[in-house]
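K.L.:
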Amino acid sequence: MHDFTPVQGALGGALIALSLAIMLVATGRIAGLSGIVAGLLTTGDRVWRAWFVAGMLAVGGVFEVVRPQTFDAAARVPLPVVAIAGVLVGLGTRLGNGCTSGHGLCGMSRMSKRSIIATLVFMGVGVVTATITGMVLR
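Positions 10 to 147 (our numbering) are the ones given, in order, by the sequence shown.
(1) Would you mind working out which of T102, I125, G70, V145 sits nearest A47, comparing C-alpha positions?
(2) To the nearest angstrom, report how far apart R119 and L29 are at their CA atoms.
(3) On the three-state DSSP scale, how would you describe C115?
(4) List in chain order: all unbroken alpha helix (DSSP H) runs of 4+ residues lying wholly within the stretch 27-95.
(5) How many Å lie between F61 and A26 at the Cα?
(6) With a threshold of 8 angstroms, are at least 3 pairs of Cβ atoms found where one atom belongs to the stretch 41-59 and the other to the stretch 99-117?
(7) Which of helix, strand or coil does DSSP assign to T14?
(8) Report the CB separation of R58 from L66 in whole angstroms; it is logged as a contact under 8 angstroms.
(9) Which word fits G95, buried or exposed, when buried means at least 16 other C-beta atoms lie within 10 angstroms of its C-beta?
(10) I need the straight-line Cα distance from V145 to M132, nearest angstrom please.
(11) Need the endpoints of the alpha helix (DSSP H) that R123 sits in, please.
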């Protein structure tokens, strides 16, 4: 655990919780990223979704400039494997009707049984997949 940063982790977690709470209280919407991005492609309600995604990308850009060590640029697996993984994550997100931000952060904090079960399933599958993948790609 050479990169253990509890203060930064706690601050980041608090900022995420604050932003989710502000969105829920101010708009009545859940900040589930997969639903927001999917809505960009499927609904007529695109303006706020586009601003939300643009804000996420802008913050990433700011961090890349201000603190580039935040990102690990070294590729550990071939790009086709990353692309396949991305497609599988997208499919799983659609099948589960949400992602970690929708179920894991917003749903669990509201004590949604569906979200608790979904989070347990996708975290468990993620651990198993990462373990198997790590053993195969070594």
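We put the CB at the ideal spot given by N, CA and C, even for glycine.
P.N.:
On the basis of the data shown:
(1) T102
(2) 12 angstroms
(3) helix
(4) 42-51, 56-75
(5) 16 angstroms
(6) yes
(7) coil
(8) Contact doesn't hold; Cβ gap of about 13 angstroms is too wide.
(9) exposed
(10) 20 angstroms
(11) 122-146
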